[in-house]
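All remarks here apply to the structure that follows.
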Amino acid sequence: MFSEDKINIDIYKDRAELLRNEEKKLRQDVKVIQLKILEKRNAVDLVKATQDFFLRLRSNPNNEQMDYLVKTFMRIIFKAIYIQNQEIV
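Residue numbers (our numbering): 151 to 239.
This is how it looks when you write it as structure tokens:
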């Protein structure tokens, strides 16, 4: 078979299976890396939002916009706040 330049079908199947498994592993690795990148971006955005909050708090020490600033800070701390029967759940 090799003298006729023909590939043995079993060798082809084994090689194809190895390549498929490697592709699956690489796809999983890419997903993990993408998640890490997203987490870092979110962390940077969180730091910027926190810095902005503290700058606004420092520039407005009086109670003019205190409710807005507190709500903004709560949004920074908690990704989602659920209220049920006038209580946070």
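Yeah, the Cβ is synthetic: ideal placement off N, Cα and C, and Gly gets one too.
Note that the structure is predicted; figures quoted are calculated from it, not measured.
Output the boundary residues of the alpha helix (DSSP H) element that contains residue i.
| i | result |
| --- | --- |
| Gln215 | Run containing Gln215: none; DSSP gives neither H nor E here. |
Roughly how far, in whole angstroms, is the beta-carbon of residue i from the beta-carbon of residue j, given that I think they are within contact range, below 8 Å?
| i | j | result |
| --- | --- | --- |
| Leu219 | Arg206 | 6 Å |
Starting from the Cα of residue i, find the closest Cα among the options and give me that residue.
| i | options | result |
| --- | --- | --- |
| Ile226 | Asn210, Val194 and Gln234 | Val194 |
| Gln201 | Arg165, Leu169 and Phe223 | Phe223 |
Is residue i helix, strand or coil when you go by DSSP?
| i | result |
| --- | --- |
| Gln236 | coil |
| Phe240 | Residue 240 lies beyond the stretch modelled for the chain, which goes from 151 to 239, so this question has no answer here. |
| Asn192 | helix |
| Asn158 | coil |
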